[in-house]
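Residue numbers (the numbering used here), protein chains in the order written: chain C, 1 to 598; chain A, 1001 to 1387; chain G, 2001 to 2151; chain Y, 3001 to 3177. We put the beta carbon where it would ideally sit given N, CA and C, even for glycine. Just below is one structure, and these are the notes that go with it.
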Amino acid sequence: MDIKDFIAPFAVWKRAFEKPFTVKKPIDERPGAPRYRGFHMNDADACVGCGTCEAICMNNAIDLVPAAGREAKDGDSGLRPRIDYGRCCWCALCVDICPSGSLSMSNEYVWIDRDPDVFRYVPGVEAKPWDGSALGYRRAEGYRLLDEDRVPMPELGHAEAVASFLELVRGYSRAQAEKEADRCVSCGLCIASCPAHMDIPGYIKAVRDGDMDEGLRLLYETNPFPEACGRVCTHRCEEACSIGSGGDPVAIRWLKRYIADQVELSDYAKALPRGAAPSGKKVAIVGAGPGGLSAAYYLSMQGHAVTVFEAEEAAGGMLRYGIPEYRLPYPALDKDIGYIESLGVSISRGVSIGKDIELSKLRTDFDAVYLSTGLPVAYGLEVPGEDHPRVLDGVAVLARATRGEELGLGGRVAVIGGGNVAMDAARTALRHGATVDILYRRREEDMPADADEVREAKAEGARLVEKAIPLEVRDAPDAAGEAALFIWNEATMVQKEPGKRPVPEPIPGAVREGRYDSIIAAIGQGPDLSFIAESDGVPVKRFRPVVDSFGMATRAAGGAPVFAGGDLVNDRKDAISAIADGHRAAIGIDRLLYGKGA
Amino acid sequence: MRREKQRVIPPAERATPDLDSGKYLVMWQGPQHPGITGNMSLRLVAEGDTVVDCETHVGYLHRGFEKLMERRLYMQNFPLVCRIAVPEPDFNEYCYAAALEELAGIVIPEKAVWLRTLSLEMMRLASFLMWIGGQAGAFGHGTIAQWSVTMRDYVLDLFEELTGGRIYHMYIIPGGVRGDVPAGFYKRVLETMAVVEKNLDDIELVMFHNAVFKMRAEGLGYIPRDWVDHYGITGPNARAAGVARDLRKDSGYLAYPRLDFQPIVGTESDAYERARLRLGEMYQAIDLIRQIVDMAPKDGPFRERLPNPLYWRIPAGETYVSAECTRGEYGFYVVSDGSDKPRRVAVRGPSYTHAVSVMERLVRGVNIADVAGLMVSLHTYPPEIER
Amino acid sequence: MDATTFAAALDLALGREKAAVAFYRELSAMASFAAQKSTLAEFMAMEEGHVAMISGMKAKGSVALSPTVAVDLGLAARMDAEERPTAGMTFQDILVAAIKKEERSGVLYERLAEAASQPGLKSVFERLVAEESRHKRYFEDLYESEISKDN
Amino acid sequence: MNELAKELAGRYGARGWHDIRKDLASVEVDAIRIRDVMAYLRDEAGYGHLSFMTAIDNIERGAFTLSYALRDHDARRGLIVHADVDRAEPTVDSIHLLWGQAWTYQREMREWFGIDFPGSPRVDEEFVLEGWEGPPMMRRDFDSLAYSDATYAERPGRVTHDPASHMREKLYPEAAQ
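Put into structure tokens, the structure is as follows:
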């Protein structure tokens, strides 16, 4: 202890004359730092209501509630997160994980109110003074808790692809599948968009857990064509995927395929449920496409004896005859069909209803009939010269390719149309060594074909001619009957009516022509309903059977009730919708046969 | 020599005062917040104004963190752990993240290593600044707290800018950190360090050259060197007793092996010595922060990508990760059973021994008026006892 | 052109609508299965509705038709002309026939409107042109959505 | 195996030496040997510092696994010693005479897991859970959420919706059969 110890403390007095450290609020406002984690903001238009914020919130501070003026729709639950600030700890994990990136935080420090209930609100829906604040916590550049990039699918190179009919998409390895499955947040937004309402989060979880039997069981709850749908499904689910709102959607289709690919057919029975005891009832199904066989599967699970009548020599419908083997190899399809047949479903191949057996006889011999005959009739170009021998129809070309027949397309091929049949026909022609032009009446973005299909067709070398209005087909001058001139008019897209899609309008004088060895028309397809007589009592409107919500067309006296579904009936006209229709009809038929809900 | 005379080594055995005799006074200190030491209470038995026996009572800040963690996903525990220690939350974040990374085999990017080190040293400075206000306040010197808490707030301003939070930063996330430094941040760090350093000089002058502080703190709470191992004493409490242990040096985690510093060691092992040593560690923290600002990489990623946090499973195993916090050895013991939630998380806080076993013994023979100052001199913090 | 009076003009229109009914009846007789018949019956009923409507206007002595011409999607103009449907007619065949039929009616009224000297009469024909354009548009929309989906 | 592992195996039947990382290892002993092992480690092997003690409820195999974390400051390495005790009758020798803070950990484990350490000072006194009447709270079969739900009232007004179920209700209610 020295003298300094008595004097030094008085040094504090020098501070008496200094400016105080404190801030005089509200005179000297001190805003939060730019990154400050204040109250939440939500871009309610970008938010898809997936609830991942709720899932990560360790405080249980987030509820998903219906938001005024927002309805549930594809890819949006219509719900929005409500934050309870009695629980929130401002950790902002919700912001970090938000798939769409709609959540953020303002840098507002202060919010005082006497009513505790106001501290529970739906950001972005209930207006707050800090809405739209440019400052506040955002997840940092390059920092996300979820992976926005899809695990790339190994595929054949384009050059290699067009040289063969080998399957293009190779499928995920276990590590790839599990990594991709890990991207899913199990929000279930996809389920509503799937026509069959498959338990997508459930089977993706099975992939993560490595439990293929459980995965297969979940697939078969709603879809007995996992190998086929795992390859060629139109995957509306992926358009609805919440991860897609801020990155690549989860590869739901490929994960489905992965599960089915992992289990050998001989092991299916171990994983899948056994059918009910025989009911003694018999059901006839017309058409062994995905819809008919889906109905057959679920009916046979209910114990009914099912006979499927198929006009073609092989089962599978459009999956076999409409989709080329490089997209859906026959062994994969055979596996799906093989399992259904193994349950005792009988498929009478090469039997055409209306020709070999009348529908009325089915109504007499069976307890119920399901019509799932699809759209086998190709519509014509409807231009002068459409009967030219070198004008082929796309569906027929694909079917002949399936049967292994010589196509004889020649070296230059035109494909008319922008749907999946057109793309498949074009790519089949490419694989037969042809040079292919795809002519479409509208623009590429208007094409009804899957974007992937269009992209791949182009990558494989097809030339796309947009805005080409077919005018006429003529004999090629020097090769009558052997080659043809396709004449089209270049068009410009005109917005003629507000709210409707633009109309291709011919540009006067811009008439073009091309010489082709084959012209494949793929403008659309229709049903063949010639087997339904008026006396069958099946109501038909504009070439579609009229059915109720279970697919029932008639239960008129004089025969068994008739149900119908698939492309024949629905608007979506894809395999998964046909499968869903088949499942629904199976439920309807089962209820009827057991007198339930009758 | 004078200080040596003041040293008292309290007996290991508890006194057994006959409370019915009427000679003793039983009094409780706490559980109100007695200054900087958090909610904890001491049941003191005094003879006159001298404490003869003490029982510590903890639990007022028990929130069941370890239990809560067992039912939360690994990532969900990230915002939870910091709350175990208000004045110094970042060590929880670091130990927890490092334990998970070790179990999951994740190597964090270089920049994250440096930003974590920066964050921990800034935290050390802020924590000591709060502590020194408490230490001075416990001896009646309120002015120091006004200065030091302001300095702490300046450091918290830096945290707010870097992390978006003042108290709970939630910045050291498994895999790295949550963001890069904002533009101009390092400049503001250096400016703030200069201000803090100048204020530390003032504090040094008026607090450590102060007859009152010396008279009360010298000799108070003397910890003999051989207690260090016996009681598991760590941090400044051990170093002031001449034991040169500092996990930053000894374990060499984060960027510490590349920083130039030496553990500060004392000899006198009393309240004054410990305060003096902690002041030295504040200057040391400022020096380390300057080194970090100088050496931290300016480019590169700040976080390693982890699996989806909703399903993140960590391979079965266990580990114990510790770090040198202001009070000593802070550690997380994490046991994984391979699921998506920890099987067991145990938090080792230095106060566990400092505030209970050591405190109960040291307080014997101390004047009632010095109990608070003694407790602060051990830099105790109850939540890390109770978790 | 003998349609020189209002009554004569409407008689002419009535005749055409009746002919349309007959047209569908004739096709229906040719039809071989239920789907064709129900579609033709539906279209025929639409034409019968037109017959009733024009009869009503004739009785009331005024034309209650919108003058707004529907947007031309341009399909009819390019369709292969005068293909007669056969027993196996598809939905496409029926729709093409319907579109061409409406187109022919439209063209006829257009000519009559051009030829009409009396403004009142001209307006009647112009409104009939508009009416036929809407009929045609109805079938063209159906064609776009049901037949030519992929092109 | 290193020297210490051999020594521990030979003297105390220790097993399962596992190097967690280069400066941390674990080893397993029978609970009956725990006091002797700890004394040896402290006095002969350089592990003078007890970092902490705790337990893990391995309910599946009916055991509590005790973890004693030691540190050799000079050699700069740690060692976690494990010992299983019967979950139905968990009693372990106290080490309070070896380290001055051990009794607190033992008191904690008594309260949190119900593990007894006979002879440990104040081992039966409440530690942090004053007035607690439930089972030892760190046992795996104590469901803290169920306890909380049963004990405390939620503030009213909270309701949430599962997106998938909500969409089914709104968009395809017929599937909710």
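Check the Cα spacing between Y1320 of chain A and each of A:P1309, A:R1348, A:Y1311, A:E1304: the tightest is with A:R1348. Between the C-alpha atoms of V1212 of chain A and D3043 of chain Y there is a straight-line separation of about 43 Å. Within chain A, the residues whose beta carbon sits less than 7 Å from that of A140 of chain C are R1178, G1179, D1180, listed in sequence order. When DSSP states are grouped into helix, strand and coil, G1142 of chain A belongs to the helix group. The C-beta of K1214 of chain A comes closer than 8 Å to at least one C-beta of chain C. Straight-line spacing of the CA atoms in R544 of chain C and E221 of chain C works out to 28 Å. In the DSSP assignment, Y1330 of chain A falls within the unbroken beta strand (DSSP E) covering 1328-1336.
Counting only unbroken stretches of 3 or more residues, the beta strand (DSSP E) elements lying wholly within the region 311-353 of chain C are 346-349, in sequence order. Nearest C-alpha to Y1352 of chain A among Y:P3173, Y:Y3172, Y:V3128: Y:V3128.
Just so you know, the alpha carbons of L3098 of chain Y and C91 of chain C end up roughly 42 Å apart. Residue contact with chain C for K2037 of chain G: present (Cβ-Cβ distance below 8 Å to some residue of chain C).
Taking 4 residues as the shortest admissible run, the region 74-119 of chain C contains the following complete alpha helix (DSSP H) segments, listed from N- to C-terminal end: 93-97. Less than 8 Å separates the beta-carbon of L189 of chain C from that of P3163 of chain Y.
I1368 of chain A and V1051 of chain A do touch by the CB rule: their CB atoms are close to 6 Å apart, below 8 Å.
Within 10 angstroms of the beta-carbon of P9 of chain C lie 16 or more other beta-carbons, which makes it buried.
According to the DSSP secondary-structure assignment, I520 of chain C is paired through a beta bridge with C:L392, C:V415. Close CB contacts of R3071 of chain Y within its chain, under the 7 Å cut and outside five residues either way in sequence, are with Y3047, H3049, S3051, G3078 (chain order).
Minimum Cα-Cα distance from L1310 of chain A among the listed residues C:C98, C:L398, C:A288, C:K467 corresponds to C:C98. Counting only the Cα atoms, R3033 of chain Y lies some 9 Å from D3093 of chain Y. Taking Y1096 of chain A as the centre and dropping the five residues before and after it, the same chain places the C-beta of V1081, F1332 closer than 6 Å to its C-beta, in chain order. For the region 3151-3175 of chain Y, the beta-carbon criterion of a distance under 9 Å to any beta-carbon of chain C is satisfied by R3155, G3157, R3158, V3159, T3160, H3161, D3162, P3163, A3164, S3165, H3166, M3167, R3168, E3169, K3170, L3171, Y3172, E3174, A3175. Chain-ordered, the chain Y residues with CB closer than 8 Å to the CB of G1059 of chain A read E3126, F3127, V3128, L3129, E3130.
Along the length of the region 1163-1213 of chain A, whole alpha helix (DSSP H) runs at least 4 residues long occupy 1185-1208, reported in chain order. Below the 9 Å Cβ cutoff, chain G contributes G2074 as neighbours of E505 of chain C, in chain order.
Closer than 7 Å at the C-beta level to chain A, one finds these residues of the region 3086-3105 of chain Y: W3099, G3100, Q3101, T3104. Non-local beta-carbon contacts of G2120 of chain G in its own chain, meaning distances under 8 Å to residues more than five positions away in sequence, involve F2006 in chain order. Between N1199 of chain A and M1151 of chain A, the beta carbon gap of about 5 Å places them in contact (Cβ cut-off 8 Å). In the DSSP annotation of this structure, the continuous segment of the alpha helix (DSSP H) that includes T52 of chain C starts and ends at 52-56. The residues I2099, E2140, Y2143, in chain order, have a CB closer than 7 Å to that of L2075 of chain G in the same chain once the five nearest residues on each side in sequence are set aside.
In this chain, the alpha helix (DSSP H) harbouring A2041 of chain G covers 2034-2060.
The region 1027-1082 of chain A is shown to contain whole beta strand (DSSP E) runs of 3 or more residues at 1041-1047, 1050-1057, in chain order.
A Cβ-Cβ distance of about 5 Å is found for the pair Y370 of chain C and I285 of chain C, placing them in contact under the 8 Å criterion.
Taking a 10 Å sphere around the C-beta of I1167 of chain A, we find fewer than 16 other C-beta atoms and assign the residue as exposed. Taking the Cα positions, R515 of chain C is about 12 Å away from V391 of chain C.
Looking at the DSSP output, W488 of chain C shares a beta bridge with C:P470, C:R512.
C237 of chain C has no beta-bridge partner at all, per DSSP.
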